[in-house]
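For the sequence shown, UniProt numbering begins at 1 and goes up steadily by one.
All C-beta atoms, glycine included, are put in the ideal place defined by N, C-alpha and C.
This structure is a prediction, so every number in the text was calculated from the model and none was measured.
Read through the structure below, which is laid out as structure tokens, and then see the notes.
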Amino acid sequence: MEVTKNPFVYVTTKHRRSTLERIEKFISQHYFTDVNLYGRIYKSKKTVDAILHYGPTDRNAHPAVFKQTDSFTPAKTGQSFGTTFSTHWFILDLHLNEQCLGEKICLIWDSGCEALLWKDQKPVFSFSSMNDNGLHKTYTVTENLQSEEMTKQRYFVEMACNRELGEGKDGMIKPPDMKKSFTLQKVELAVVNKEAYEVYVDLSVLYDITKSLADDCQRGLDALYTGNEIINLLVSANFSADAYQAAHIRAKQFFSQTNAPSQHVVHAIGHCHIDSAWLWPYAETVRKCARSWISTLCLMKKYPDFKFACSQAQQFDWVKQNYPQIFVEMKEFAQKNQFLPVGGTWVEMDGNLPSGESMVQQFFYGQKFFRKEFGMTCSEFWLPDTFGYSANLPQIMKEAEIKRFVTQKISWSLVNKFPHHTFYWEGIDGTKQLSHFPPGESYGMSGTAKELLHTMNNHADKGRSDTSMFLFGYGDGGGGPTEPMLERLSRMADCASLPRVKLSSPTDFFTEVEQNAKQLCTWVGELFLELHNGTYTSLANIKKQNRKCECLLHDVEIVSTMALGKPEFIYPSSTLERIWKLLLLNQFHDVLPGTSIEMVNKDALEYYTDVRNTGQEMLQKAIDAILQTNSNQKSFAINTLSWPRKEIVEIENKLVAVSTPSVGYAQINDKVEVINYVKIAIQENGDIELGNGLLQCTIDKFGRISSLKIYDKNQSVSDECVAEGCYANQFVMFDDVPLYWDAWDVMDYHLETRTPIIKVTDAPHIVQSNQLRAACKFTVAISDISSLTQVISLDADSPVLKFCTKVDWHESHKFLKVEFPWNIRSPKGTYEIQFGHIERPTHQNTSWESAKYEVWAHKWCDMSQHNLGVAILNDCKYGCSAFSNVMRLSLLRSPKAPDGNADMGEHSFTYAIMPHKGTFQDAGVIQQAYQLNYPLHVIKELASNDGDLSFVKISSKAVVMEALRKSEFHSDSLVIRLYEAYGGSANDVLIQFPCIKLKKVQRCNVLEDVKEQVAIGDEKQSFSTSFKPFQIKSFIVSYVNV
């Protein structure tokens, strides 16, 4: 049969590149907008003429500004307002035209910065400096204009003169340009062409699918031809209403071609990562939360299946206090299972540096808030953007009722690709947590086909688990999900060749994984990020204040607990909660690591000052209560640690030996026996010999340790600890120029630039020579502009050699360390972490080991061979390393971004070395490190007390009491937290309370939820319990009286 052809229809041999670019230009915001589809999204636009301005104002002006309308003055588009981080208010009077009846009307605001829209004194929407493929966030004034809406509508706009990611001068992470201004570029009322917008989204997705699939992929070519056909439909019919309808139907035909049931499933969860401080101050984050979440709530009203995961109880509390209307809506949508609190912590803290008890308190106050305000306990730990994860987090999470873990930051590792995305993470005690790293490798997806395909294809555990989490929404500086993101995802819900997509929640995702996953792998130990190693050292004063505040709050709680029951003493629960929350806030993952702008660091130091001043006041009140003031003046030493201590202390310029019981106090007198007195002498060659019968060291003319020997019990000298021909306590400088992330990174190549510091400006000389303490002092020039002064001291009966150090530091991109080459051969070093310790290799056999050229530890690290070892202790440092036989402690860095003055000025810190025979556990390294950080409180009081008092006694040296406080939820009760510190079993450990009678003892988690009853001793003053290696145990101890 003869086929009749229409001679007027031209069928081209399609060229992929030109056809794809045809679609691109047809939806472009830059090209041919007079005739393309993008230019038709709005039927009409009209500039808002009635604009009034007031400002600049304080950030928290919104309660009062609505009453000051007489202070507003006329403004117009094209005007600029500033400066950086200032606030300006505007009044918009909108007049809706009757010609627009039945139309969708939206408000377009573009000031190049962030802004919050108010109506009737309530926040209703937010505007952003970002746009989604040319589509700015717009506020829908009405979906379908009715005659009753024709009256004038008044809106207020609160404009913040900053963009989402700060205002870095000449680069995002550079110190902010404080002189910026922002211009009102657009303030318009627009009539939306809803049909054009629908087809615009259709074409955007088709274009994205074509680009994301292989050039010869059938499905990609189908998308290409469908897009081309849609353009022809619209152009040939001159963009008529029927053409839009036909085009949309054609797109639906493509999107409705579905996958097989076995296709990979992506759980799309709305997300808005908001750094609690970073390139903007804390105060601005309060408003970022409001702006991000009000827009998210607007989306929930339009998309009832949309779910949004939101972490950080501190941010919830900020909104509750400052934007109560938003908080009410958040709770309403939480009830609808749309606005989902996750994480269970006060902030998204650093995952390495906070102490174990600080991490406990992150969960305690976070879960407490979510339970009180939302009636729920978070089951997922949500920490997508911190710089590594401690190996004891799985156990801490479990103790806080957390069952699952989400992050993606390990994908940033520079050297090795982490082998899993869905797996079990096992901690040092054996606790396993189901964990997921979203394989799209971002917590701020845009909802594109490219991202979905990467999520599916990159999943390392396909076959074991065929589901992935997909977090979409602008983040870091806020913003959150947008309407175009949701529209794109809806079109790709089940579109052949793409993964299946469903709007979901973290709980639904993990439930599906648990039901369907097969033989998931297990990763044991820390999740080490092979990047951002400099964060262990940057901003030394921030880290020092963190450590000092952690130790102070430990002591305040313990001494206040000892004072319970004393006349007129009231346990300071509310004050403790306030300053704990300040400390926890400063442990946010850009504050404690030292990667924020100077404004943030100044705020953090003010918070630390508040914590320390308030803490000292509380501590003194508790001490006064314990030592029952009268006319007898005596001196006491208070010990807050859970073992007896014998130390040298100074009181009224006099050195004296004191022996204190565990968790108690002792009167200071001259009756404590000293066995190993100190001797110090200058040798003929100028070296200084310092020893005490436990150890002997030689200090050379450069302040270095040329010899360190340890005595055994028979006073015979053991092997030399310092490697032959080498020097310990050698200060070394390195060039420190990373690839980009200045305050974050120290690269491996810095180790190639080692320069010893040997320019002495004040030679070592004796400054103290006493049988109880001896010391020498010296000064070296680090450079022409920086110097270091150090006092090396040794006490009687002490196995620890101390180095009290002061540095005047004015460098640029330099890294100061102190190194110790030991006469020890060991394939591993040991490092203290939260509630335990881990081992890391001292070799570089593989890329996994070589990537750990700079690591972290808390109060100590150790290198040991059989029967000999040396530990380095510190009172505020974290960065360190051990390679071959050389240990290094990182002291100071000098990055210039994002804080241009980071670390400049004077620093003081103390570190110590402890040579030991046998294991570090048996030698008491752990106890000595605690003692360096928790010195005895030497008090001269008018007191009636006599003798010693111990509040808690523990029968095993392996078990450490980390916390003792008044219970938050149980009356007449204490909470005691213990952990096994040696890495072995501790059976039938006796916990005694000599000063109180026990009513009952209950095992609890860190949230104080009762788990089981514990038998108490016949004398009603003790109980026994057993520990597995590194096990944390908390108990509620109810007492009859104190």
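Distance CB(residue i)-CB(residue j) smaller than 8 Å
i: glycine 227; j: leucine 203; result: yes
i: isoleucine 833; j: histidine 858; result: yes
i: isoleucine 91; j: leucine 52; result: yes
i: leucine 486; j: methionine 445; result: no
i: leucine 37; j: glycine 166; result: no
i: leucine 592; j: tyrosine 607; result: no
i: glutamate 348; j: leucine 393; result: no
i: threonine 84; j: lysine 180; result: yes
i: alanine 986; j: serine 1026; result: yes
i: valine 938; j: valine 649; result: yes
i: cysteine 776; j: isoleucine 872; result: no
i: glycine 473; j: isoleucine 402; result: no
i: lysine 1011; j: tyrosine 1039; result: no
i: leucine 751; j: tyrosine 831; result: no
i: threonine 789; j: lysine 817; result: no
i: aspartate 215; j: lysine 450; result: no
Counted within 10 angstroms of its Cβ, other Cβ atoms place residue i as buried (16 or more) or exposed
i: cysteine 106; result: buried
i: glycine 984; result: exposed
i: histidine 30; result: exposed
i: isoleucine 249; result: exposed
i: arginine 163; result: buried
i: arginine 825; result: exposed
i: proline 895; result: buried
i: valine 656; result: buried
i: arginine 704; result: buried
i: lysine 67; result: exposed
i: glutamate 1018; result: Per the sequence shown, residue 1018 should be read as aspartate rather than glutamate. It is exposed - the Cβ of aspartate 1018 has fewer than 16 other Cβ atoms within 10 Å.
i: asparagine 131; result: exposed
i: methionine 1; result: Bear in mind that the predicted position of methionine 1 carries a pLDDT of just 44, short of 50, making it unreliable; the figure below should be weighed with that in mind. So methionine 1 counts as exposed.
i: tyrosine 389; result: buried
i: serine 890; result: buried
i: alanine 260; result: exposed
Rounded distance between the beta-carbons of residue j and residue i, thought under 8 Å
i: tyrosine 424; j: serine 411; result: That belief does not hold up - the Cβ atoms of tyrosine 424 and serine 411 are roughly 18 Å apart, past 8 Å.
i: phenylalanine 437; j: glutamine 408; result: 5 Å
i: leucine 932; j: valine 960; result: The Cβ separation is near 15 Å, so there is no contact.
i: glycine 879; j: tryptophan 848; result: Not quite, the Cβ-Cβ distance comes to about 19 Å (not below 8 Å), so this is no contact.
i: serine 311; j: valine 342; result: 5 Å
Own chain partners of residue i with C-beta closer than 6 Å, once the 5 adjacent residues on each side are dropped
i: tyrosine 665; result: Phe636, Ile638, Leu949
i: proline 63; result: none
i: serine 465; result: Thr422, Val513, Ala517
i: arginine 645; result: Asn639, Thr660
i: isoleucine 558; result: Thr640, Leu964
i: methionine 618; result: Val556, Pro572
i: serine 596; result: Ala277, Trp278, Asp590
Own chain residues within Cβ distance below 7 Å of residue i, not counting five before or after
i: alanine 867; result: Reading off the sequence, residue 867 comes out as asparagine, not alanine. For asparagine 867, where only same-chain residues beyond five positions count, the Cβ hits under 7 Å are Lys917, Gly918.
i: alanine 781; result: Lys759, Thr761, Ser787
i: aspartate 988; result: Ser1024, Ser1026
Cβ of residue i within 8 Å of any chain B Cβ
i: lysine 709; result: This model lacks chain B altogether; it includes just one protein chain.
Close-in-space but distant-in-sequence residues of the same chain around residue i (CB under 8 Å, 5 per side omitted)
i: threonine 87; result: Gly55, Pro56, Thr57, Asp58, Arg59, Ala61, Glu158, Met159, Ala160, Cys161
i: methionine 300; result: Phe306, Phe308, Phe333, Lys336, Gln338, Phe339
i: isoleucine 230; result: Val199, Asp202, Leu203, Leu206, Ala247, Arg250, Ala251
i: phenylalanine 369; result: Ala313, Phe316, Asp317, Trp346
i: glutamate 98; result: Ser147, Met150
i: phenylalanine 509; result: His267, Ile269, His436, Thr467, Met469
*For the segment 668 to 737, list the beta strand (DSSP E) runs that are entirely contained and at least 3 residues long, ordered along the chain.*
679 to 682, 688 to 691, 695 to 699, 705 to 711, 717 to 720, 730 to 735
*Completely contained beta strand (DSSP E) runs for the segment 112 to 197, where each covers 3 or more residues*: 114 to 119, 122 to 127, 138 to 142, 153 to 160, 181 to 183, 186 to 192
*Enumerate, from N- to C-terminal direction, the unbroken beta strand (DSSP E) stretches of 3 or more residues contained entirely within the segment 402 to 446.*
404 to 406, 422 to 426, 432 to 436
*What are the complete beta strand (DSSP E) segments, minimum 3 residues, inside the segment 966 to 994?*
973 to 980, 986 to 992
*If you scan the segment 331 to 399 from start to end, which runs of the alpha helix (DSSP H) of 4 or more residues do you find wholly inside it?*
356 to 374, 393 to 399
*asked:* Suppose only complete runs of 3+ residues qualify. What are the beta strand (DSSP E) ranges in the segment 298 to 333, listed by chain order?
replied: 308 to 310
_Length at least 4, wholly inside the segment 889 to 958: the alpha helix (DSSP H) runs in chain order_ = 920 to 923, 925 to 933
*What residue ranges within the segment 451 to 514 form continuous alpha helix (DSSP H) runs of no fewer than 4 residues, ordered along the chain?*
For the segment 451 to 514, whole alpha helix (DSSP H) runs of length 4 or above, ordered along the chain, are 483 to 491.
*Starting from the N-terminal side, write out each stretch of the beta strand (DSSP E) that is 3 residues or longer and does not extend beyond the segment 590 to 646.*
629 to 639
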